[in-house]
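Enquirer: Chains as they are written, first to last, in my numbering: chain A, 1 to 281; chain B, 282 to 559.
By construction, the Cβ of each residue, glycine as well, lies at the ideal position given by its N, Cα and C atoms.
Below you'll find the structure I mean.
So this is what it looks like as structure tokens:
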């Protein structure tokens, strides 16, 4: 036993760091959502069912689900385009490298990229104005939910490409040959072999994209400076103004809501990944 | 398959062009927007000059670069010995360490910052009020990416034999790690460091909600009055990150085993999970 203690001593700095800066904050959120000044209370949880909180949650789900669907479908198309080209082609390498960068390209820089493109004085806005006379930036839709959907798509598609390319590569050529030699048409091969095989991977990727969008904060925060249409921005409001809806500590309950949803989605995602791994490795 | 007919080729080409336009146009727009002279027309580099001459922005750039360096150093000092030790002497802890390293992918940075207030009261009590104290929480933030990079490098070498050889020749643990193991996992360490730098330079969530003025926080502040400067700074960060990843791809290309996947595919895997500071 003493040997075991001696052997675990070098692990102490790591465990200390993770405990203090990851476990403690998370535990603080969970505990503080239920305890107000040391007394158990459901007041903060109850505030989650207020109109403001429910509307933010609904819009967050809408944003995450729509960008996950758009990202998953378009990302799968792009993944298929590059997988069906030669493995050594420059195009394939370039697209995958670019996607790996762009999938990380969330946050503030992305918000400003779209402001520079279709903001009030954006490059595309001015160009369209000059040539067609339309006002692309009209009514400030870029700062609304529609705008967020467009902007989020920009990092969702590349993320889909990165996670879905390995699944497409796992489709073995022999399976197609076997299907064709048994008399299947291309359409039948896709409908009865490829699509069923890819479905778990596709659904898994969809969930990953959903969680990715749901937890994203910086892009929306940089784009929408006032108001809190979605859950992460409501958390910002609760944190910075201390009192929202006359509820201090509301941020804890909202953060707990976020943990629960992201964790549930990620558990489902892991289950699907394990299922995918059975065939496509 | 479809791509072989002429119609198929045109269709594929059109699709690729559409994707290319969607992804590359905003980048071009940033370059155009940041060099445009809004008042007089024509081109100006004023926004780019502001990166150096604007005092607040320059300070923020320095802070962010320092944070990136400190985060990388602390991450390597903690993670590398831990991961080597777990493989050699404490295999029972491997599962826990891996779980904890990947946990930040499931717990959004926004949640961490909500629960961080009390912890930081203590941190600032001991270390003083400085943006550099963000180093600790940033190390946690980069753990998943760093873990994967270093884990891949460690799996590629025969760690046990190497360390036993070094130890039997009389080297202590520190010498073994620093002079025998580290040189052999250099590509993994480099990749962990570069990805960490990219994450720290792009981090906004924790810095802004903790009230520290890092680069990204300053970019948003300036954006309210001076769009072109913010766009220039954003593009600069992005290009810097892109160059880092490009160097990484070039450096690690020659070192990969033939069985490993295409380097372009293998390097980006750390980015495939949420928790990326978006």
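Closest by CA to residue 503 of chain B, which one among B/307, B/299, B/335?
Expert: Nearest C-alpha to residue 503 of chain B: B/335.
Enquirer: Is the region 492 to 509 of chain B touching the region 122 to 133 of chain A in the sense that three or more CB pairs, one from each, lie closer than 8 Å?
Expert: Touching, no.
Enquirer: For a contact defined as C-beta to C-beta under 9 Å, what are the partners of residue 497 of chain B on chain A?
Expert: Neighbours of residue 497 of chain B on chain A, chain order: 107, 108, 109, 218, 222.
Enquirer: Short check: CB of residue 211 of chain A to CB of residue 266 of chain A, under 7 Å?
Expert: A contact, by the Cβ cut-off of 7 Å.
Enquirer: Near residue 137 of chain A, what residues of its chain come up, given a Cβ to Cβ distance below 7 Å and the 5 sequence neighbours on each side ignored?
Expert: These residues qualify, in order along the chain: 118, 119, 120, 122, 125.
Enquirer: Residue range of the alpha helix (DSSP H) that residue 379 of chain B falls in?
Expert: Here the alpha helix (DSSP H) through residue 379 of chain B covers 375 to 383.
Enquirer: Look up residue 303 of chain B in the DSSP assignment and give the residues it is bridged to.
Expert: Per DSSP, none; premise fails for residue 303 of chain B.
Enquirer: Please list, in chain order, the chain B residues whose beta carbon lies closer than 8 Å to that of residue 121 of chain A.
Expert: Within 8 Å Cβ-Cβ: 314, 319, 508.
Enquirer: Can you check whether the C-beta of residue 11 of chain A is within less than 7 Å of a C-beta belonging to chain B?
Expert: Output row for residue 11 of chain A: interface = yes.
Enquirer: Put residue 317 of chain B into one of helix, strand or coil per three-state DSSP.
Expert: Strand at residue 317 of chain B.
Enquirer: Under 8 Å, with one C-beta from each stretch per pair, do the region 517 to 528 of chain B and the region 89 to 106 of chain A reach the 3-pair mark?
Expert: Segments in contact, yes.
Enquirer: Report the CB separation of residue 431 of chain B from residue 360 of chain B in whole angstroms; it is logged as a contact under 8 Å.
Expert: Indeed, because the Cβ distance is near 6 Å, the residues count as touching under 8 Å.
Enquirer: Closest by CA to residue 63 of chain A, which one among A/78, A/91, A/214?
Expert: The candidate whose alpha carbon is nearest that of residue 63 of chain A is A/214.
Enquirer: At which residues does the alpha helix (DSSP H) containing residue 288 of chain A begin and terminate?
Expert: In the structure as shown, chain A begins at 1 and stops at 281. Residue 288 of chain A is therefore absent and cannot be evaluated.
Enquirer: Return the residue from the list A/25, A/4, A/9, A/274 that minimises the CA-CA distance to residue 392 of chain B.
Expert: Closest by alpha carbon: A/25.
Enquirer: Give me the chain A residues within the contact set of residue 511 of chain B, using Cβ-Cβ distance strictly less than 7 Å, ordered along the chain.
Expert: What residue 511 of chain B touches in chain A: 112.
Enquirer: Considering only residues of the same chain and omitting the five flanking positions on each side of residue 157 of chain A, which have a CB-CB separation below 6 Å?
Expert: Here the set comprises 71, 74, 75.
Enquirer: How is the alpha helix (DSSP H) around residue 204 of chain A delimited, first residue to last?
Expert: Per DSSP, residue 204 of chain A belongs to the alpha helix (DSSP H) from 195 to 215.
Enquirer: Let me see if you follow: with CB-CB separation under 7 Å, is residue 81 of chain A close to chain B or not?
Expert: Yes, because at least one Cβ of chain B sits closer than 7 Å to the Cβ of residue 81 of chain A.
Enquirer: Can you name the residues of chain B whose CB is closer than 9 Å to the CB of residue 90 of chain A?
Expert: By Cβ distance, chain B contributes nothing, its closest Cβ being about 10 Å from residue 90 of chain A, past 9 Å.
Enquirer: From which residue to which residue does the alpha helix (DSSP H) around residue 417 of chain B run?
Expert: Taken as a continuous stretch (DSSP letters only), the alpha helix (DSSP H) holding residue 417 of chain B covers 415 to 436.
Enquirer: Are the CB atoms of residue 217 of chain A and residue 32 of chain A within a distance shorter than 7 Å?
Expert: Going by C-beta atoms, residue 32 of chain A is not nearer than 7 Å to residue 217 of chain A.
Enquirer: Measure how close the beta-carbons of residue 282 of chain A and residue 77 of chain A come, nearest whole angstrom, since I'm counting them as under 8 Å.
Expert: Here chain A comprises residues numbered 1 to 281, so residue 282 of chain A is not present and cannot be evaluated.
Enquirer: Name the DSSP beta bridge partners of residue 324 of chain B, please?
Expert: Looking at the DSSP assignment, residue 324 of chain B forms a beta bridge with B/317.
Enquirer: Measure the beta-carbon distance from residue 320 of chain A to residue 148 of chain A and round it to whole angstroms, keeping in mind my assumption that it falls under 8 Å.
Expert: For chain A, the structure presents residues 1 to 281; residue 320 of chain A sits outside this window and is missing.
Enquirer: For my contact list, residue 383 of chain B and residue 425 of chain B are in at a C-beta cut-off of 8 Å; report their separation, rounded to the angstrom.
Expert: Right, the Cβ-Cβ distance comes to about 5 Å (below 8 Å), so this counts as a contact.
Enquirer: Within 10 angstroms of the Cβ of residue 499 of chain B, are there 16 or more other Cβ atoms? Answer buried if so, exposed if not.
Expert: Burial call: buried.
Enquirer: Against chain B, which members of the region 183 to 201 of chain A pass a CB distance test of less than 7 Å?
Expert: Listed by position, the residues of the region 183 to 201 of chain A near chain B (Cβ gap below 7 Å) amount to none.
Enquirer: Provide the residue span of the alpha helix (DSSP H) that contains residue 88 of chain A, from first to last.
Expert: Note, residue 88 of chain A: premise wrong, no alpha helix (DSSP H); not H, not E.
Enquirer: Would you say the beta carbon of residue 494 of chain B is closer than 6 Å to some non-hydrogen atom of the ligand PLP?
Expert: Judged by which ligands are present, the structure shown has none, so any question about the ligand PLP falls away.
Enquirer: Taking the CB atoms as reference points, tell me whether residue 481 of chain B and residue 349 of chain B lie closer together than 7 Å.
Expert: Yes.
Enquirer: Taking 7 Å as the threshold (C-beta atoms), are residue 230 of chain A and residue 111 of chain A in contact?
Expert: No, these two residues do not count as a Cβ contact at 7 Å.
Enquirer: Anything in chain B within Cβ reach of residue 287 of chain A, meaning under 7 Å, just list it in chain order.
Expert: The structure shown does not extend to residue 287 of chain A, since chain A is modelled only from 1 to 281, so the question has no answer here.
Enquirer: Among A/228, A/185, A/15, which has the Cα closest to the Cα of residue 363 of chain B?
Expert: The shortest Cα separation from residue 363 of chain B among A/228, A/185, A/15 belongs to A/15.
Enquirer: Any beta carbon from chain A within less than 7 Å of residue 421 of chain B's own beta carbon?
Expert: Chain A contact via Cβ: present.
Enquirer: Please list, in chain order, all residues of the same chain as residue 410 of chain B whose beta carbon is under 7 Å from its beta carbon, the five residues on each side excluded.
Expert: Taken in chain order, the list of residues that qualify is empty.
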